[in-house]
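**Q**
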Amino acid sequence: MKIVLSGIETNNKGAELMLYAILQEIERKYPDAWVYVPIYAIGQGLSYIHTNLKLRNKPFAKIKKAARKLYIPGILRRLHLPYYFIDDSSAVNGTDYFIDASGFAFSDQWKPTDYIVKVWEKQLMGYHKQGTKIIFLPQAFGPANLPNTKKELALLNQYADIIMPREEVSLGYLQQCNVNMKKVRLFLDFTSIVYGQCPKRYDHLKNGVCIIPNLRMIDKGAISLEDYLEILNKVIDKAIAGGHKVYLLNHEGREDEELAYMCRNKLCKRIEVVTGLNALEVKGLIATSILCITSRFHGAVSALNSCVPCLATSWSHKYAELFKGYGMTDCILDVTNLVSCIDKVSEFLSTNKSQEIREHLRLQLPKIQSQTQDMWKCVWSI
-12 MKIVLSGIET NNKGAELMLY AILQEIERKY PDAWVYVPIY AIGQGLSYIH
38 TNLKLRNKPF AKIKKAARKL YIPGILRRLH LPYYFIDDSS AVNGTDYFID
88 ASGFAFSDQW KPTDYIVKVW EKQLMGYHKQ GTKIIFLPQA FGPANLPNTK
138 KELALLNQYA DIIMPREEVS LGYLQQCNVN MKKVRLFLDF TSIVYGQCPK
188 RYDHLKNGVC IIPNLRMIDK GAISLEDYLE ILNKVIDKAI AGGHKVYLLN
238 HEGREDEELA YMCRNKLCKR IEVVTGLNAL EVKGLIATSI LCITSRFHGA
288 VSALNSCVPC LATSWSHKYA ELFKGYGMTD CILDVTNLVS CIDKVSEFLS
338 TNKSQEIREH LRLQLPKIQS QTQDMWKCVW SI
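Using the numbering used here, read the sequence shown as starting at -12 and increasing by one per residue.
1. Classify V156 as helix, strand or coil using the three-state DSSP reduction.
2. Count the CB pairs spanning the region 158 to 178 and the region 191 to 208 that are closer than 8 angstroms, and state whether there are at least three.
3. Which residues share a DSSP beta bridge with N167?
4. Please report the residue range of the alpha helix (DSSP H) in which P353 lies.
5. Contact between the region 342 to 350 and the region 288 to 306: three or more CB pairs below 8 angstroms?
6. V79 and P46 - do their beta-carbons sit closer together than 8 angstroms?
7. I'd like to confirm the pairing. Which residues does DSSP put opposite D43 in its beta bridges?
8. Helix or strand or just coil, what does DSSP make of I210?
9. State the DSSP-derived secondary structure class of T281, mapped to helix, strand or coil.
10. With respect to the alpha helix (DSSP H) encompassing I180, which residues constitute its N-terminal and C-terminal limits?
11. Quick check on the burial criterion: 16 or more other C-beta atoms within 10 angstroms. Buried or exposed for S327?
12. Which of the three DSSP states, helix, strand or coil, is assigned to V196?
13. At the level of alpha carbons, what is the spacing between F174 and K232?
14. Per DSSP, which residues does K(-11) bridge with? Please list them.
15. As a quick exercise: from E139, K98, F85, T119, pick the residue whose alpha carbon is nearest that of V106.
16. Out of E242, V104, Y146, Y102, which has the shortest C-alpha to C-alpha gap to K120?
17. To the nearest whole angstrom, what separates the beta carbons of T82 and K187, a pair I think is in contact under 8 angstroms?
18. Runs of 4 residues minimum, wholly inside the region 61 to 120: which ones carry the alpha helix (DSSP H) assignment?
19. Between F284 and A8, how many whole angstroms is the CB-CB distance? I'm expecting something under 8 angstroms.
20. Check the C-beta distance from L133 over to K98 and give it rounded, since I have them as a contact under 8 angstroms.
21. Could you check what DSSP says for F128 in three-state terms: helix, strand or coil?
22. D19: beta carbon under 7 angstroms from a heavy atom of the ligand FMN?
23. Could you say which of C365, D224, K311, A266 lies nearest to H238 if we only look at CA atoms?
24. Identify, in the order they occur along the chain, each residue of the same chain with its Cβ nearer than 7 angstroms to the Cβ of Y248, setting aside the five sequence neighbours on each side.
25. Can you round the beta-carbon distance between C365 and G271 to whole angstroms, since I take them to be within the 8 angstroms contact cut?
26. Taking just the CA atoms, how far does K331 sit from L235?
27. Would you tell me roughly how many angstroms separate the C-alpha atoms of E12 and G(-6), rounded to the nearest one?
28. For the alpha helix (DSSP H) that contains C250, what are its first and last residues?
29. Per DSSP, which one or two residues make a beta bridge with V260?
30. Give the single residue among G90, R257, W363 whose Cα lies nearest to the Cα of L309.
31. Buried or exposed: which applies to S368, given that a residue is buried once 16 or more other Cβ atoms fall within 10 Å of its Cβ?
32. Measuring straight from C-alpha to C-alpha, what distance separates K137 and E217?
33. Work out the CA separation of I36 and A28 for me, nearest whole Å.
34. Looking at S179: is its Cβ nearer than 8 angstroms to the Cβ of T359?
35. Checking the sheet assignment: what are the DSSP bridge partners for C297?
36. With respect to the alpha helix (DSSP H) encompassing K305, which residues constitute its N-terminal and C-terminal limits?
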């Protein structure tokens, strides 16, 4: 059994958590499988990932990495010469399953280029020709008004065996692009059955308020950097004034880490910035908090799947739709209204509200986990 994974990485802890969810399921279903990952997906090296599976980079990884350092793919592309054989988009021979877990890759918000469209076409066509089952696991799609976004979704429609939007808005965008609904199955995020592991060195942060920043709030135009830092600081001040421990958690990489330190440096009070954790540790730490205030999607997912009250800021439809999947509304902070944000945080920190939310999530979680199991049954039945 050969399985090729796409869209996964370890810089973004949400993507890493999805990687663990996939590997754990493959280990259960096909423990002897060979699993191939993109050559740049795991910057720390394959040994960073804890799995009993035969985890490998795609073929010729060293050559492709060397070529990338020398800008060879770009040079060949500008000379209109073949370059796909060294850009990691070629199909792995004999692959049984191609499984994509991009999370949120097919959208106008990323302004896909002609090159990106060609890479997807080359890759999907190669796997389709050899009879590989092509699966797009639950993710957000759209908006899709730009020509290249429409081309991307047309490629998925042409080559994928199954496409899984994780909420109704994404489903609507697929319908608008005339994707064959016989290929489409709606499932929520699939990390609910992955359990976190809180590092003992952070025991002192248990029952604290977890704040997760995200640079996408700024570079996607949801709010200015100055206003974003102001809101985070006021929220932190409110929680501290209520007698709560507060910490900033880096859920992404260098950019979000820098943002977290920028936030801390603007505070009169020094709070801890937690960074450098793996995805399982991130989820484990979030699970110990009394409230998670997050600008990262999988920060919210991990909180909800751990029955932790959660508030989110949003730069995409995927955030509000996530809460709907858990039967919750009014959990998105209005970043244009500071007073409203502070009031909402105060409400969620109250004992009665917190207990009410936790009990609601405890009732929802078995349904979410059951749906994840159904999703995998759907995948393996293709």
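Don't be surprised by glycine CBs; every beta carbon is placed ideally from N, CA and C.
Treat the numbers as computed from the prediction; the structure is a model and nothing was measured.
**A** By the coordinates alone:
1. Here residue 156 is taken as the residue at index 169 of the sequence shown, counted from 1. Judged by DSSP in its simplified three-state form, V156 adopts helix.
2. By the criterion of at least three beta-carbon pairs nearer than 8 angstroms, the region 158 to 178 is not in contact with the region 191 to 208.
3. Working through the sequence shown from its first residue, we reach residue 167 at position 180. Note: N167 sits in no beta bridge, so no partner.
4. By 1-based counting over the sequence shown, the position of residue 353 is 366. Here the alpha helix (DSSP H) through P353 covers 338 to 368.
5. Result yes; three or more Cβ-Cβ pairs closer than 8 angstroms.
6. Locating residue 46 in the sequence shown gives position 59, where the first residue counts as 1. Locating residue 79 in the sequence shown gives position 92, where the first residue counts as 1. Contact: yes.
7. On the sequence shown, position 56 is the one that residue 43 refers to. Asp is not the amino acid found at residue 43; the sequence shown has Arg there. Y23, per the DSSP bridge assignment.
8. As a working note, residue 210 is residue 223 in the sequence shown. It is coil, neither helix nor strand.
9. In the sequence shown, residue 281 corresponds to position 294, counting from 1. In the structure shown, T281 sits in a strand (DSSP, three-state: E or B).
10. The count along the sequence shown starts at 1 and reaches residue 180 at position 193. In the DSSP annotation of this structure, I180 is not part of any alpha helix (DSSP H), being labelled neither H nor E.
11. Taking the sequence shown and counting its residues from 1, one reaches residue 327 at position 340. Exposed is the label assigned to S327, since fewer than 16 other Cβ atoms lie within 10 Å of its Cβ.
12. If you number the sequence shown from 1, residue 196 lands on position 209. Reduced to three states, the DSSP call for V196 is strand.
13. Numbered from 1 along the sequence shown, position 187 holds the residue referred to as residue 174. Numbered from 1 along the sequence shown, position 245 holds the residue referred to as residue 232. Computed Cα separation, rounded: 35 angstroms.
14. Taking the sequence shown and counting its residues from 1, one reaches residue -11 at position 2. Residue pairing by DSSP places K(-11) opposite W21 in a beta bridge.
15. Stepping through the sequence shown from its first residue, residue 106 is reached at position 119. Taking V106 as reference, the option from E139, K98, F85, T119 with the minimal CA-CA separation is E139.
16. As a first step, residue 120 must be located in the sequence shown, where it is residue number 133. The shortest CA-to-CA distance from K120 to any of E242, V104, Y146, Y102 is the one to Y146.
17. Numbered from its first residue, the sequence shown carries residue 82 at position 95. Numbered from its first residue, the sequence shown carries residue 187 at position 200. A Cβ-Cβ separation of about 40 angstroms leaves T82 out of contact with K187 under the 8 angstroms criterion.
18. Taking 4 residues as the minimum length, the alpha helix (DSSP H) runs contained wholly in the region 61 to 120 are 101 to 116, in order along the chain.
19. Here residue 284 refers to the residue found at position 297 when the sequence shown is read from its first residue. Here residue 8 refers to the residue found at position 21 when the sequence shown is read from its first residue. At roughly 14 angstroms, the Cβ-Cβ gap does not stay under 8 angstroms, so F284 and A8 are not in contact.
20. For the purposes of this step, residue 133 is identified with residue 146 of the sequence shown, where counting begins at 1. For the purposes of this step, residue 98 is identified with residue 111 of the sequence shown, where counting begins at 1. Confirmed, Cβ separation roughly 7 angstroms.
21. Within the sequence shown, the letter at position 141 stands for residue 128. Under the three-state reduction of DSSP, F128 is assigned to strand.
22. Among the ligands in the structure shown, none appear at all, so the ligand FMN cannot be discussed.
23. Numbered from 1 along the sequence shown, position 251 holds the residue referred to as residue 238. Nearest of C365, D224, K311, A266 to H238, Cα basis: A266.
24. Translated into the one-based positions of the sequence shown, residue 248 becomes position 261. Within its own chain, the residues whose Cβ lies closer than 7 angstroms to the Cβ of Y248, once the five positions on either side in sequence are excluded, are V260, listed in chain order.
25. By 1-based counting over the sequence shown, the position of residue 365 is 378. By 1-based counting over the sequence shown, the position of residue 271 is 284. For a cut-off of 8 angstroms, the C-beta gap from C365 to G271 is around 29 angstroms, too long to register as a contact.
26. Position 248 of the sequence shown holds residue 235. Position 344 of the sequence shown holds residue 331. If I take the Cα positions, the gap works out to 19 angstroms.
27. Locating residue 12 in the sequence shown gives position 25, where the first residue counts as 1. Locating residue -6 in the sequence shown gives position 7, where the first residue counts as 1. Straight-line Cα distance between these residues: approximately 17 angstroms.
28. Residue numbering aside, residue 250 sits at position 263 when the sequence shown is read from its first letter. Start and end: 241 to 253.
29. Position 273 of the sequence shown, counted from the start, is the residue given in the question as residue 260. Answer is L235.
30. On the sequence shown, position 322 is the one that residue 309 refers to. Closest in alpha carbon position to L309, among G90, R257, W363, is G90.
31. Numbered from its first residue, the sequence shown carries residue 368 at position 381. The residue in question, S368, is exposed, as its Cβ has fewer than 16 Cβ neighbours within 10 Å.
32. Position 150 of the sequence shown, counted from the start, is the residue given in the question as residue 137. Position 230 of the sequence shown, counted from the start, is the residue given in the question as residue 217. One alpha carbon belongs to K137, the other to E217, and they sit about 38 angstroms apart.
33. The residue given as residue 28 occupies position 41 in the sequence shown. The residue given as residue 36 occupies position 49 in the sequence shown. Those two C-alpha atoms are separated by around 11 angstroms.
34. Walking along the sequence shown from the start, residue 179 turns up at place 192. Walking along the sequence shown from the start, residue 359 turns up at place 372. Yes.
35. Residue numbering aside, residue 297 sits at position 310 when the sequence shown is read from its first letter. C279, per the DSSP bridge assignment.
36. Sequence index remark: in the sequence shown, residue 305 carries index 318 (1-based). Note, K305: alpha helix (DSSP H), 304 to 312.
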